[in-house]
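Respectively, the protein sequence lines represent chains U and L. Residues in the first sequence are numbered consecutively from 1, following full-length UniProt numbering. Residues in the second sequence are numbered consecutively from 1, following full-length UniProt numbering. This report refers to the structure that appears directly beneath it.
There are 2 protein chains.
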Amino acid sequence: MAAHVQDVFMLFGDSITQEGWEPGHNAFGQRLTHVYARKLDVLNRGFSGYNTDWGIPVFEQCIAKTSDPSAPKIRVLAIWFGANDACILPSPQHVPLARFVANLKQMVGMVKSPASPRYSPTTRIILISPPPVDTFVRRAELQARDPPIALDRGFEVTQGYAEAVRDVAKEEDVAFVDVWTAVWEATGKDERSLSKFLSDGLHLNEQGYQLVYQELIKTIATKYPDVHYDNLGPTFPPWAEIDWENPSNSLYTVRKAD
Amino acid sequence: MAAHVQDVFMLFGDSITQEGWEPGHNAFGQRLTHVYARKLDVLNRGFSGYNTDWGIPVFEQCIAKTSDPSAPKIRVLAIWFGANDACILPSPQHVPLARFVANLKQMVGMVKSPASPRYSPTTRIILISPPPVDTFVRRAELQARDPPIALDRGFEVTQGYAEAVRDVAKEEDVAFVDVWTAVWEATGKDERSLSKFLSDGLHLNEQGYQLVYQELIKTIATKYPDVHYDNLGPTFPPWAEIDWENPSNSLYTVRKAD
């Protein structure tokens with residue numbers, strides 16, 4: 001059985017989260033696992049294809065109740081949806097914008113509301129907006145399938161969902177990482193240049209994840225410096241700090257990241 | 001609080017484990033996190049500079065007692081030491097070969113012995129041998145330090161520790177991943193070619209971790225196929241399998257990887 005020796009950095013979202021450790025991408029999950037090594041356990045809670053409607057029941061199961069003293073504390077919680085919610089009807093992934101907003105608020109409230117059984121006032125919440133869609137590449141990719149599929153996402157539609165994430169973050173007073181704007185501005189606001197940052201018109205490539213990682217760490221440094229990796233001590237001591245004559249003196253105290 | 005929704009794949013070892021998510025390396029920890037996404041949580045329990053003497057007290061704290069019903073089950077446990085234990089005196093990292101063997105047996109016994117408070121008969125244990133040392137590169141690297149340091153590891157010494165890991169695995173009847181031999185054979189048994197697989201004479205580069213990952217997955221496939229990622233179902237269903245009309249029907253049951 002794995003003991004709870006470290007607190008958690010949870011990444012909750014869709015495929016763009018799930019692929020955060022993809023080989024060759026130096027993606028954000030991998031890089032967080034690297035910089036938070038010996039400090040926080042970075043958990044992949046990305047669910048390919050999921051929207052917020054399907055995410056909520058899973059979220060409820062991934063976040064333990066406050067009354068469970070054995071569960072590791074979530075120090076940082078990133079919530080990243082919108083890429084699938086913004087699908088156009090008749091896609092089964094479509095969630096209307098107003099319900100998307102309500103769903104995000106429900107997730108945040110489950111952790112942030114004192115009345116919630118999952119209330120965790122020390123958890124630092126970060127909302128992330130979906131990247132822009134490259135409809136040229138996405139349309140071609142769907143047309144090439146057998147049978148061909150009509151374009152299922154729109155550039156402005158996803159932009160609207162990204163702006164909604166920003167508004168929810170502001171209203172709920174939690175941190176916001178604006179991946180949509182970071183990627184869009186990096187292209188010089190040119191949809192034809194989105195392929196520099198997206199692998200298939202929808203998902204991020206190495207350059208795209210590089211932007212995500214930079215923006216995320218910048219946000220942590222400014223909004224939540226207490227959970228920046230530079231400000232967390234290692235759970236167990238660096239080897240040079242071990243009492244080599246009497247190792248037990250220095251090694252038998254689990255120093256929770258705090 | 002993070003709920004226990006998935007079982008664990010724990011990587012326990014020294015810096016060569018800790019660096020398993022290093023950017024640019026496509027290292028084994030990252031790749032395991034990727035292929036086990038939505039199945040097992042891969043935990044980085046690598047401790048740079050540690051030998052087995054220091055590893056044991058930490059191991060005891062990372063492995064929960066069997067009597068703790070709330071802790072996630074460890075489905076796979078990789079134990080990877082030797083690179084530091086094999087240091088030459090007067091290095092404080094040196095652990096005599098006989099004690100190294102005893103320490104490894106103690107770790108395995110803590111999980112495998114029915115008398116142990118941490119007994120977990122369903123945990124699949126894998127021992128891994130350290131890679132060969134490139135003494136040419138290592139000596140030059142240590143000589144370039146200020147002040148210069150004498151060579152702290154020997155090629156044949158580390159080879160002896162690697163063989164000891166193999167012998168312990170056989171005696172304890174647990175799986176063995178022979179990184180030492182895999183890397184050595186890949187060089188054509190030429191120490192001057194080790195730099196193809198090592199970054200600094202001691203730690204693995206991308207090519208080295210590629211070999212580790214291949215050998216590890218091959219070992220799981222042959223010795224412990226029940227915990228190969230292809231044979232574990234996702235904890236939560238793929239999105240196409242969700243009951244879109246009544247999502248709760250398919251999403252409210254946590255299906256533990258089994």
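From the three backbone atoms N, C-alpha and C, an ideal C-beta is built for every residue, glycine too.
DSSP three-state label for residue i, please.
{"i": "G201/U", "result": "coil"}
{"i": "N44/L", "result": "strand"}
{"i": "M10/U", "result": "strand"}
{"i": "L232/U", "result": "coil"}
{"i": "A86/L", "result": "coil"}
{"i": "R255/U", "result": "Any reading at R255/U is ruled out, since the residue's pLDDT is 47, under 50, leaving its predicted position unreliable."}
{"i": "V165/U", "result": "helix"}
{"i": "A240/L", "result": "helix"}
{"i": "I220/U", "result": "helix"}
{"i": "A2/L", "result": "strand"}
{"i": "D17/U", "result": "Checking the sequence shown, residue 17/U turns out to be Thr, not Asp. Here T17/U sits in helix by DSSP."}
{"i": "Q143/U", "result": "helix"}
{"i": "Y36/U", "result": "coil"}
{"i": "L151/U", "result": "coil"}
{"i": "P225/U", "result": "helix"}
{"i": "residue 294/U", "result": "Because chain U here runs from 1 to 258, residue 294/U falls outside it and cannot be looked at."}
{"i": "S195/U", "result": "helix"}
{"i": "P117/U", "result": "coil"}
{"i": "G55/U", "result": "helix"}
{"i": "residue 259/U", "result": "Because chain U spans 1 through 258 in this model, residue 259/U falls outside it and cannot be assessed."}
{"i": "R189/U", "result": "For the sequence presented, residue 189/U should be read as Lys rather than Arg. K189/U falls in the coil class under three-state DSSP."}
{"i": "G24/L", "result": "coil"}
{"i": "N249/L", "result": "helix"}
{"i": "A71/U", "result": "coil"}
{"i": "Y213/U", "result": "helix"}
{"i": "Q159/U", "result": "helix"}
{"i": "G109/L", "result": "helix"}
Buried or exposed: which applies to residue i, given that a residue is buried once 16 or more other Cβ atoms fall within 10 Å of its Cβ?
{"i": "P247/U", "result": "buried"}
{"i": "L77/L", "result": "buried"}
{"i": "N249/U", "result": "exposed"}
{"i": "S120/L", "result": "buried"}
{"i": "Y252/L", "result": "exposed"}
{"i": "W192/L", "result": "Contrary to the premise, residue 192/L reads as Arg rather than Trp in this sequence. R192/L should be labelled exposed."}
{"i": "D167/L", "result": "exposed"}
{"i": "A145/L", "result": "Sequence check: residue 145/L is Arg here, not Ala. It counts as exposed."}
{"i": "A83/U", "result": "buried"}
{"i": "D134/U", "result": "buried"}
{"i": "G201/L", "result": "buried"}
{"i": "A257/U", "result": "For A257/U, the predicted structure reports a pLDDT of 43, less than 50, and the residue's modelled location is therefore unreliable. A value from the coordinates is still provided. A257/U should be labelled buried."}
{"i": "Q6/U", "result": "buried"}
{"i": "E245/L", "result": "exposed"}
{"i": "D226/U", "result": "exposed"}
{"i": "residue 274/L", "result": "What the structure shows of chain L is the stretch from 1 to 258, and residue 274/L is not part of that stretch, so it cannot be assessed."}
{"i": "F185/U", "result": "First, the residue type needs correcting, since residue 185/U is Glu and not Phe in the sequence shown. Classification of E185/U: exposed, given that the 10 Å Cβ count is below 16."}
{"i": "T33/U", "result": "buried"}
{"i": "D178/U", "result": "buried"}
{"i": "I149/L", "result": "exposed"}
{"i": "R255/U", "result": "Reliability of the predicted coordinates at R255/U is poor, the pLDDT of 47 falling under 50, and the value obtained from them is presented with this limitation in mind. Burial call: exposed."}
{"i": "D14/U", "result": "buried"}
{"i": "E156/U", "result": "exposed"}
{"i": "E215/L", "result": "buried"}
{"i": "A115/U", "result": "exposed"}
{"i": "L89/U", "result": "exposed"}
{"i": "A169/U", "result": "buried"}
{"i": "H4/L", "result": "buried"}
So what does residue i bridge to, in DSSP terms?
{"i": "V76/L", "result": "F9/L and R124/L"}
{"i": "V177/U", "result": "I128/U"}
{"i": "I63/U", "result": "A2/L"}
With residue i and residue j assumed to form a contact (beta carbons below 8 Å), what rounded beta-carbon distance in angstroms separates them?
{"i": "K65/L", "j": "V8/L", "result": "Not quite, the Cβ-Cβ distance comes to about 15 Å (not below 8 Å), so this is no contact."}
{"i": "W239/U", "j": "S48/L", "result": "7 Å"}
{"i": "Q207/L", "j": "W21/U", "result": "With a Cβ gap of about 20 Å, Q207/L and W21/U do not count as contacting."}
{"i": "P234/U", "j": "R38/U", "result": "4 Å"}
{"i": "L151/L", "j": "R139/L", "result": "5 Å"}
{"i": "V108/L", "j": "V174/L", "result": "6 Å"}
Quick one: which residues of the region 64-83 of chain U get their C-beta closer than 8 Å to a C-beta of chain L? List them in chain order. A64, K65, T66, D68, S70, A71, P72, K73 and I74
Short of 7 Å Cβ to Cβ, which residues in the region 190-220 of chain U face chain L? none
Along the region 227-249 of chain U, where does the CB come closer than 8 Å to a CB of chain L? Name the residues. F236, P238, W239, A240, I242, W244, P247 and S248
Output needed in chain order: residues of the region 92-112 of chain U with a Cβ under 8 Å from some Cβ in chain L. P92 and Q93
Name, going along the chain, the residues of the region 24-36 of chain L whose beta-carbon falls closer than 8 Å to a beta-carbon of chain U. G24, N26, G29, Q30, R31, T33 and H34
Mind checking the region 117-131 of chain L against chain U and listing, in chain order, the residues whose C-beta falls within less than 8 Å of any C-beta there? R118 and S120
So if I threshold CB-CB distances at 8 Å, which residues from the region 48-60 of chain U count as touching chain L? S48, G49, Y50, D53, W54, P57 and V58
Could you please tell me which residues of the region 6-19 of chain U, in chain order, have their CB closer than 7 Å to any CB of chain L? V8, M10 and Q18
For the region 136-151 of chain U, enumerate the residues whose C-beta is nearer than 9 Å to any C-beta of chain L, in chain order. none
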